[in-house]
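**Q** Each residue of the sequence shown is one higher than the last, beginning at 210 in this note's numbering. Glycine included, each C-beta is placed from N, C-alpha and C at the ideal position. Quick caveat: nothing in here was measured; it's all calculated off a predicted structure. Shown below is the structure under consideration.
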Amino acid sequence: MLGRALRWIRAKVVQKAERLLLRILAAGPIPKHVAFVMDGNRRYARSHQQPINQGHSEGFVALRRMLEACMRLEIRCVSAYAFAMDNFKRSPEEIEHLMDLAHDKLMEMSRHGQILEEYGVRLNVLGKTALLPERVQEVIRHVESITRNNNKAILNICIAYSSQDEITTAVNSAVRLSLDKEKSNPDNREITEHDIDAQLFTSLAGSPPLDILVRTSGVKRLSDFLLWQSSENTQIHFSKAYWPEFGLWDFVPIILDYQRKAWSQRVL
Ligand code: FPP
Ligand code: MG
210 MLGRALRWIR AKVVQKAERL LLRILAAGPI PKHVAFVMDG NRRYARSHQQ PINQGHSEGF
270 VALRRMLEAC MRLEIRCVSA YAFAMDNFKR SPEEIEHLMD LAHDKLMEMS RHGQILEEYG
330 VRLNVLGKTA LLPERVQEVI RHVESITRNN NKAILNICIA YSSQDEITTA VNSAVRLSLD
390 KEKSNPDNRE ITEHDIDAQL FTSLAGSPPL DILVRTSGVK RLSDFLLWQS SENTQIHFSK
450 AYWPEFGLWD FVPIILDYQR KAWSQRVL
């Protein structure tokens with residue numbers, strides 16, 4: 210009994226300290242858009258002698274934890290790579306679990322009083338959603354529609370996503386729009402970077418330019434995620450932590466690094 214009470218008091222003290230830290234950090238320059246490549250779920254599970262599906266479930270807990278931290282820091286937009294196009298090559302059992310997880314957690318997040326409502330977050334699912342099972346597409350339509358008018362923050366969950374597919378789709382849309390425009394103004398033929406940028410899934414979802422991209426698990430690759438968006442000013446960080454164990458204490462140095470660079474640019 211006493212042990213449980215002490216653990217409860219300890220958890221409350223840690224929570225208060227973390228919230229105070231986030232309030233202090235939020236007083237400095239804050240990135241507008243942060244993206245996460247959530248890698249290492251299966252290695253985390255194996256290292257804890259758990260089934261790999263447990264690693265993915267704990268990966269969702271980490272996503273929720275980081276979303277809460279980002280919202281408290283008043284980061285306007287968070288993008289997360291939840292299922293790459295390449296992940297369709299995994300075993301049917303693993304894909305089935307990931308689809309069930311996406312279905313259940315998207316539903317859960319959208320409920321009254323949950324995180325999307327609490328922080329006024331509009332949720333967008335970016336990717337070739339037509340490739341997903343109908344039950345997942347249905348919940349995506351539901352969550353997107355009930356959060357459409359939330360305007361404080363944006364959460365982009367990338368599912369059945371690849372950057373090359375996003376860029377190809379954007380180029381095709383830009384060409385189509387340009388052909389329409391050409392009918393009214395035949396001299397206006399050229400497609401610019403701005404035209405393509407405007408048609409990216411992230412731009413159509415209202416996302417600001419990408420400031421920070423974090424990849425966990427010690428792997429140094431971008432894995433076809435937000436390649437166009439990772440431009441000149443994007444700061445890329447590789448963390449050794451497996452995604453399910455990635456937490457505030459891994460994220461704070463990344464935010465401090467962003468603030469240090471922002472301040473030094475202001476001074477120069
Ligand atoms: C990469 O680790 C992770 C994934 C393929 C799935 C990520 C999904 C979540 C964190 C939960 C998704 C949440 C929603 C709302 C859909 P890995 O499987 O490549 O692990 P490994 O690198 O150790 O093999
Ligand atoms: Mg991996």
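Does the beta-carbon of Asp420 have 16 or more other beta-carbons within 10 angstroms, so that it is buried, or is it exposed?
**A** To locate residue 420, count along the sequence shown from 1; it is residue 211. Looking at its Cβ environment, which holds 16 or more other Cβ atoms inside 10 Å, Asp420 is buried.
**Q** Where does Tyr328 fall in DSSP's three states?
**A** Here the question's residue 328 lines up with position 119 in the sequence shown. It is coil, neither helix nor strand.
**Q** Would you identify the three-state DSSP class for Ser288, choosing helix, strand or coil?
**A** Reading the sequence shown from its first residue, position 79 is the one you call residue 288. DSSP places Ser288 in strand when its eight states are reduced to three.
**Q** So the candidates are Arg385, Glu402, Glu317, Trp437; which of them puts its Cα closest to the Cα of Asp374?
**A** The residue labelled residue 374 in the question sits at position 165 within the sequence shown. For Asp374, the nearest C-alpha among the options comes from Trp437.
**Q** Based on the DSSP secondary-structure assignment, which residues constitute the bridge partners of Asn365?
**A** To locate residue 365, count along the sequence shown from 1; it is residue 156. Answer is Ser288, Asn333, bridged to Asn365.
**Q** Is Lys314 near the ligand FPP - that is, is its Cβ less than 8 Å away from at least one heavy atom of it?
**A** The count along the sequence shown starts at 1 and reaches residue 314 at position 105. Within the cutoff, so yes.
**Q** Note the first and the last residue of the continuous alpha helix (DSSP H) segment covering Ala214.
**A** Counting from 1 along the sequence shown, the entry for residue 214 is found at position 5. That run of the alpha helix (DSSP H) goes 211 to 235.
**Q** Can you say whether Phe297 is buried or exposed, counting buried as having 16 or more other CB atoms within 10 angstroms of its CB?
**A** Position 88 of the sequence shown holds residue 297. It is exposed - the Cβ of Phe297 has fewer than 16 other Cβ atoms within 10 Å.
**Q** Return the first residue and the last residue of the alpha helix (DSSP H) that His306 is part of.
**A** For the purposes of this step, residue 306 is identified with residue 97 of the sequence shown, where counting begins at 1. Residues 301 to 319.
**Q** Is the closest heavy atom of the ligand MG to the C-beta of Ser256 under 8 Å?
**A** Numbered from 1 along the sequence shown, position 47 holds the residue referred to as residue 256. Incorrect: Ser256 has no Cβ contact closer than 8 Å to the ligand MG.
**Q** In chain order, what are the residue ranges of uninterrupted beta strand (DSSP E) at least 3 long that sit wholly in the region 439 to 473?
**A** For the region 439 to 473, the full-length beta strand (DSSP E) segments reaching 3 residues or more read 444 to 447 along the chain.
**Q** Rounded to whole angstroms, what is the Cα-Cα separation between Asp433 and Ser416?
**A** Position 224 of the sequence shown holds residue 433. Position 207 of the sequence shown holds residue 416. Cα to Cα, the separation comes out at about 18 Å.
**Q** With the cut-off set at 9 Å, would you say Ala414 and Leu340 are in Cβ contact?
**A** Stepping through the sequence shown from its first residue, residue 414 is reached at position 205. Stepping through the sequence shown from its first residue, residue 340 is reached at position 131. No.
**Q** Might you give, ordered along the chain, the residues of its own chain that have their beta carbon closer than 8 Å to the beta carbon of Arg274, omitting 5 neighbours on each side?
**A** The residue labelled residue 274 in the question sits at position 65 within the sequence shown. Answer for Arg274: Gly456, Leu457, listed in chain order.
**Q** Have a look at Val380 and Leu230 and give me their C-alpha separation to the nearest angstrom.
**A** In the sequence shown, counting from the first residue as 1, residue 380 sits at position 171. In the sequence shown, counting from the first residue as 1, residue 230 sits at position 21. Cα-Cα distance, rounded: 43 Å.
**Q** Can you tell me whether DSSP reads Lys388 as helix, strand or coil?
**A** The residue labelled residue 388 in the question sits at position 179 within the sequence shown. What sits at residue 388 in the sequence shown is Leu, not Lys. Three-state DSSP puts Leu388 in a helix.
**Q** Report the residue from Arg252, Asn442, Ile261, Pro238 whose alpha carbon sits nearest the alpha carbon of Ser300.
**A** To locate residue 300, count along the sequence shown from 1; it is residue 91. Minimum Cα distance to Ser300 is reached at Ile261.
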